[in-house]
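If you read the sequence shown in our numbering, its first letter stands for residue 59, the second for the next number, and so on. Below is one structure, written out as structure tokens; the observations come after it.
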Amino acid sequence: MRPIRPGDRGPAVTEIRGVLTGLDLLPSAPTGDDDEFDAATERAVRAFQQSRGLSVDGRVGAETWCALDAARWRLGARTLYHAVPEPLIGEDVRSLQERLLEMGYDVGRADAIYGVRTSRAVAQFQREMGLKPDGSCGPYTMGALRRLGRKVVGGRPQWLRESDAIRQAGPALVGRTVVIDPGHGGTDPGVVVPDGPLRWTESDLVHDLASRLEGRFAASGVRVQLTRGPAPGSCLPDVERAQLANSLGADVFISLHTDGHANPEAEGVATYHYGTDNGVTSATGERLAGLVQREIVARTGLRDCRTHAKTWDLLRLTRMPAVRVEVGYLTSPADRGLLVDPRFRDRIVEAIVAAVQRMYFPVERDVPTGSIDVSELRAAVAAGRVATA
Ligand SMILES: [Zn+2]
């Protein structure tokens with residue numbers, strides 16, 4: 059097939075322009091004749107080729123034609139399924155993948171190809187929505203996606219149910235499983251700051267924090283698992299840390315880090331939960347992040363660098379409320395001076411235990427920040443009572 063090029067006229071050009079208009083690459087009111095391959099059309103073709111990783115020549119050859127053809131599919135216009143050996147390709151597949159990614163499902167990259175990974179993510183979505191998990195996207199699955207709408211604050215339906223599960227489980231901490239993830243380790247020390255003859259490393263400090271947390275939680279009747287020891291042979295990738303927490307069926311996941319910055323004046327604590335820029339968020343993750351952040355700020359006086367939504371693997375792939383806390387900047391002399399004091403680290407630990415306890419209070423029974431005495435929790439457990447307050 060001879061490429062369709064600038065200056066050409068005819069029904070094929072009209073079709074090309076139609077697809078480009080649908081993609082918002084051409085204005086919907088035509089600049090010239092509808093069937094003319096004019097300068098605006100050429101610019102639009104180039105932009106399209108650029109966006110699809112095709113060679114950018116401004117002409118529509120076989121490859122660009124196929125890509126344009128795939129681009130005309132709108133989500134919902136056909137049933138999508140994992141076809142073998144020729145997979146379905148199209149803009150509708152990409153929209154679906156982006157939607158699933160936003161909600162925290164693992165489709166890999168939004169590559170517009172309905173492969174086995176997309177099919178598996180769809181099946182998981184279907185299972186969580188109570189639909190038959192056949193991995194294909196037909197009218198029922200589309201209906202479920204539409205009902206969730208754009209408003210999905212709360213992200214995956216599973217997360218919405220998580221809040222319910224937490225409410226129904228009551229306020230007891232006893233018997234929960236908390237996975238604590240000291241960041242870095244092995245060949246990756248994280249932030250390193252020389253200090254005279256000493257050397258402070260993030261991986262050591264956060265492991266110390268994790269061990270202290272382990273002790274406190276255990277004393278409150280909570281099962282605790284750390285993702286690594288003090289000196290692992292290698293650094294566990296975030297994906298594996300998330301998988302570990304999933305395989306343990308953890309109720310809560312807390313990743314511990316300290317921050318670092320070239321500017322020694324950068325300081326403070328920040329907490330991260332799963333979420334995207336356009337407001338999709340794990341409701342329970344966001345609540346836990348808020349509680350952790352507020353308790354730490356109230357109990358330590360570290361500068362409040364607030365909570366933030368991120369799509370990091372660690373937060374996206376964990377199937378329980380998960381947060382990552384950056385407890386101060388190791389590169390800030392002020393923060394570092396506090397962090398190297400074990401009594402200060404104990405205050406951070408108490409703050410995190412209090413935050414997790416508050417997670418399990420119903421919202422109407424929540425207590426003011428900084429008001430939970432963690433030692434009372436321990437006393438209650440020691441007395442054989444369930445820790446309720
Ligand atoms: Zn770190």
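Positions of the beta carbon are idealized from the N, C-alpha and C atoms, including for glycine. These numbers were taken from a predicted model, which means no experiment stands behind them.
To which residues of the same chain is L78 closer than 8 angstroms at the C-beta, ignoring the five residues directly before and after it?
Correct list, in chain order: L84, T99, A102, V103, F106, L126.
Cα separation between T358 and Q351?
When the Cα atoms are used, T358 and Q351 turn out to be separated by approximately 11 angstroms.
With three or more beta-carbon pairs closer than 8 angstroms as the criterion, would you say the stretch 278 to 287 touches the stretch 233 to 242?
Three or more Cβ pairs drawn from the stretch 278 to 287 and the stretch 233 to 242 lie within less than 8 angstroms of each other, which places the two stretches in contact.
Is the separation between the beta-carbon of R416 and that of I430 shorter than 8 angstroms?
Less than 8 angstroms separates the beta-carbon of R416 from that of I430.
In the DSSP assignment, find the unbroken beta strand (DSSP E) run with F95 in it and report its ends.
Counting along the chain, F95 falls outside any beta strand (DSSP E), and DSSP gives it neither H nor E.
Spatial distance of R185 from Y163 (CA atoms)
Answer to the nearest angstrom: the Cα atoms are 12 angstroms apart.
Any heavy atom of ligand 1 closer than 7 angstroms to the CB of A260?
For clarity, residue 260 is Glu in the given sequence; the question names Ala instead. Indeed, a heavy atom of ligand 1 lies less than 7 angstroms from the Cβ.
Span of the alpha helix (DSSP H) holding T259?
Per DSSP, T259 belongs to no alpha helix (DSSP H); it is in the beta strand (DSSP E), 256 to 259.
According to DSSP, simplified to helix, strand and coil, what is R208?
The predicted position of R208 is uncertain, since its pLDDT is 49 and thus under 50; a value taken from the coordinates is nonetheless stated next. The answer is coil: DSSP assigns R208 none of H, G, I, E or B.
Of all the alpha helix (DSSP H) runs that stay within the bounds of the stretch 306 to 344, which reach a length of 4 or more residues?
Runs of the alpha helix (DSSP H) inside the stretch 306 to 344: none found.
Who pairs with E384 in a beta bridge, going by DSSP?
Answer by DSSP bridge pairing, in chain order: H315, A328.
Compare the C-alpha of D265 against each of L314, C293, G307 and name the closest.
Correcting the residue identity first, residue 265 is His in this sequence and not Asp. It is L314 whose Cα lies nearest to the Cα of H265.
Given 7 angstroms as the limit, tell me if G326 has its C-beta closer than that to any heavy atom belonging to ligand 1.
No, Cβ of G326 sits at least 7 angstroms from all heavy atoms of ligand 1.
Just the Cα atoms here: how many angstroms apart are A324 and Y387?
Distance from the CA of A324 to the CA of Y387, rounded to the nearest whole angstrom, comes to 7 angstroms.
How about D239 and R299: do their beta carbons lie closer than 8 angstroms?
For D239 and R299, yes; Cβs fall inside 8 angstroms.
Among F402, H331, R167, which one has its Cα closest to the Cα of R15?
Since the first residue shown for the chain is 59 and the last is 447, residue 15 is missing from the structure and cannot be characterised.
Output the distance between the C-alpha atoms of T427 and E353, rounded to the nearest integer angstrom.
Approximately 6 angstroms between the Cα atoms of the pair.
Given a threshold of 16 other Cβ atoms within 10 Å of its Cβ, counted over all protein chains shown, does A289 qualify as buried or as exposed?
Counting Cβ neighbours within 10 Å, A289 comes out exposed, since fewer than 16 surround it.
Which residues neighbour ligand 1 when neighbourhood means a C-beta less than 5 angstroms away from any of its non-hydrogen atoms? List them by chain order.
Result: G241, G248, H315.
Might you give, ordered along the chain, the residues of its own chain that have their beta carbon closer than 6 angstroms to the beta carbon of G243, omitting 5 neighbours on each side?
Excluding positions up to five away in sequence, the list reads S261, R286, P290, C293.
Does T235 come out as helix, strand or coil in the three-state DSSP assignment?
T235 falls in the strand class under three-state DSSP.
For Y198 and G188, I'd like the C-alpha separation in whole angstroms.
Approximately 11 angstroms, taken between the alpha carbons.
Count the other CB atoms, across all protein chains shown, that sit within 10 Å of the CB of S305; report buried if there are 16 or more and exposed otherwise.
Burial call: exposed.
Where does R270 land, buried or exposed, given buried means 16+ other C-beta within 10 angstroms?
Around the C-beta of R270, 16 or more other C-beta atoms lie within 10 Å, and the residue is accordingly described as buried.
Going straight from the alpha carbon of V307 to that of R274, what length do you get?
First, the residue type needs correcting, since residue 307 is Gly and not Val in the sequence shown. Here the alpha carbon of G307 sits roughly 20 angstroms from the alpha carbon of R274.
Distance check for G68 and T365, CA to CA, integer angstroms please.
Take the alpha-carbon of T365 and the one of G68: they are about 56 angstroms apart.
Is D51 helix, strand or coil when you go by DSSP?
Outside the shown range of the chain, which is 59 to 447, sits residue 51, and nothing can be said about it.
Let me know if G111 comes out buried or exposed under the rule of 16 or more other beta-carbons within 10 Å of its beta-carbon.
Classification for G111: exposed.
Tell me whether L284 sits in a helix, a strand or coil according to DSSP, three-state version.
In the structure shown, L284 sits in a strand (DSSP, three-state: E or B).
In terms of residues, what are the limits of the alpha helix (DSSP H) holding V165?
In the DSSP assignment, V165 falls outside any alpha helix (DSSP H) and carries neither an H nor an E.
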